[in-house]
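The structure under discussion appears below in the form of structure tokens.
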DNA sequence: TGTCGCAGCGCG
DNA sequence: AAAGCGCGCTGCGACA
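Numbering (UniProt numbering), first residue to last: 1 to 563.
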């Protein structure tokens, strides 16, 4: 049965311009294709639909791309929480269909909706058109409509990009990966069996710990065996192990490393995730509270450096790998309007700039101190360096401190474009209330204070991490737009059928880093547009504030060769 | 047999 | 040198 779709046009205020037209999926696809081809670069529609992740893949499979969309599900989540739209009807309405996590939503909605699904009677809660109006009303009544509007556009663009990257896939050379596995682990063995190299290391460990039955995969066994051997150890974490001297440490760490390689990115991972030389990772835009993306399946955002050598461009193609240098401190400088910190990063490595300003002695110190400021370190080297940073950059450090205090009170903080932190959970509020009760014990007070500080560290980091995520979305959206233009202006040598087979396209995103897979001939232009996009993203978020967003850009055929 | 919390470790 | 944010995945081991 072909899904029945209703498409209506609206003006910017959400007023319907016409009664609407009915489509089958096939006729809708043809309509969208025609529209996008005839409106390249200007006056293109912003397609409003329930859920990009469930609908856009149908378009991509039919070789149809769209320039812009409005993802009702993702935008609802932002508007529901944002302090900038807290007074809206949307925010005060009971939680419902649009608040459900995607996997919990009824399957009926996955039938596909364009603007509005005529099968709505099968999913009565899915009221796309009224929801769209509620969202527009929330934006228009906001204290900062420009920021919220940009955030919704960026989030929606991210959803398009996530679907496109999954569709295109990251080039993955299975042979190179297998070669790497065989070199490190030995020949392939059935799952459940230790490969040769791991078995050798296990035997060595057993001898050195004088325990013939030891299973090195069991933390409990291992900890006991290490203690029996006289090692003063309470945990088997890497850094903890590295602190003690014993002949077993080296082979044990090697065992851990290889065991991890086998279980996380071994042969079964290859079998499960690599299809026709591509890793089709499923990205989840908005999957992290701060607005960062998450990923599901295959560990797309945790690809170990160890296996990146298997990410190899197609013949005649190459990768442009770009990452934003010291993104979060630069975001902090701009957020807080700290000219001195922004200046420290002007045309140079920001940490080097901090050293050059005489604030600390080494780059490593500058980095650990900055991380401490953004994460809320109190002890160790980072804690010791913080006062010097605070004297040099009072505005930046003032912002992180204020964000921490806000969280400690149980209040909400908000990113540059308007994503707000969640309220603390009920158990947290109860613990704070308990600490003020007449019956409160010292234990109650200590626990409440500790939890308050925990939440303060979360909100402290939220504003920076969340605003950096917004910058990254704007960066990537601009890259996508410019790649599309480049494709239109350049004659590109094709390599088989498919939407992205002939043109440069995004294939990977990792918080502050992107990879574009491009024909060799266009690599230089791609590298240039990626850098321009970083500057454009900075302007979108921070206007004329003088902060740089420099990139490290590498054009490489193998991801392992980047930086 | 399946579920779940935890430890450990990969990424930013 | 190793504590301070955000994630996902795996294997172990406890429990039903």
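Ideal placement from N, C-alpha and C gives every residue a C-beta, glycine not left out.
For residue j and residue i, the rounded distance between their alpha carbons
i, j, result
"residue 5", "residue 55", "12 Å"
"residue 205", "residue 251", "7 Å"
"residue 418", "residue 83", "7 Å"
"residue 147", "residue 552", "28 Å"
"residue 531", "residue 563", "16 Å"
"residue 349", "residue 238", "30 Å"
"residue 157", "residue 389", "37 Å"
"residue 548", "residue 227", "52 Å"
"residue 430", "residue 405", "18 Å"
"residue 366", "residue 360", "6 Å"
"residue 122", "residue 554", "Low confidence applies here, because residue 122 scores a pLDDT of 37, under 50, leaving its location unreliable and the question unanswered by this model."
"residue 101", "residue 66", "25 Å"
"residue 119", "residue 140", "Only weak support exists for where residue 119 lies, its pLDDT of 40 falling under 50; the coordinates are left without a value."
"residue 125", "residue 96", "Summary for residue 125: the model assigns pLDDT 47, below 50, so the residue's position carries little reliability; its value from the coordinates is reported in the next sentence. The alpha-carbon atoms of residue 125 and residue 96 are separated by roughly 8 Å."
"residue 560", "residue 310", "8 Å"
"residue 257", "residue 286", "31 Å"
"residue 318", "residue 351", "31 Å"
"residue 387", "residue 240", "29 Å"
"residue 234", "residue 281", "38 Å"
"residue 182", "residue 337", "52 Å"
"residue 14", "residue 471", "28 Å"
"residue 412", "residue 456", "10 Å"
"residue 485", "residue 153", "19 Å"
"residue 245", "residue 199", "23 Å"
Whole-number beta carbon distance between residue j and residue i, since they are thought to touch under 8 Å
i, j, result
"residue 556", "residue 321", "6 Å"
"residue 440", "residue 432", "Actually they do not touch by this definition, with Cβ atoms about 11 Å apart."
"residue 74", "residue 134", "Wrong, their Cβ atoms sit about 15 Å apart, outside the cutoff."
"residue 20", "residue 7", "6 Å"
"residue 279", "residue 376", "With a Cβ gap of about 35 Å, residue 279 and residue 376 do not count as contacting."
"residue 465", "residue 292", "7 Å"
"residue 47", "residue 72", "Not confirmed; about 11 Å, so no contact."
"residue 383", "residue 398", "Contact doesn't hold; Cβ gap of about 18 Å is too wide."
"residue 138", "residue 79", "5 Å"
"residue 290", "residue 469", "6 Å"
"residue 342", "residue 546", "6 Å"
Environment of residue i [buried if 16+ CB atoms lie within 10 Å]
i, result
"residue 544", "exposed"
"residue 191", "exposed"
"residue 43", "exposed"
"residue 26", "exposed"
"residue 368", "buried"
"residue 518", "buried"
"residue 480", "buried"
"residue 436", "exposed"
"residue 61", "exposed"
"residue 142", "buried"
"residue 344", "buried"
"residue 271", "exposed"
"residue 40", "exposed"
Bridge-paired residues (DSSP) for residue i
i, result
"residue 324", "551"
"residue 16", "10"
"residue 71", "49"
*asked:* Can you confirm whether the stretch 294–304 touches the stretch 500–507 when touching is taken to mean that 3 or more C-beta pairs between the two stretches lie within less than 8 Å?
replied: no
*Is the number of C-beta pairs between the stretch 155–175 and the stretch 241–258 that are closer than 8 Å three or more?*
No: fewer than three Cβ pairs fall under 8 Å.
_Within 8 Å, do at least three Cβ pairs link the stretch 457–469 to the stretch 519–534?_
no
*Are the stretch 394–404 and the stretch 445–452 in contact at 8 Å, needing three or more beta carbon pairs?*
no
*Give a yes or no on contact between the stretch 261–274 and the stretch 184–200, applying the rule of three or more CB pairs nearer than 8 Å.*
yes
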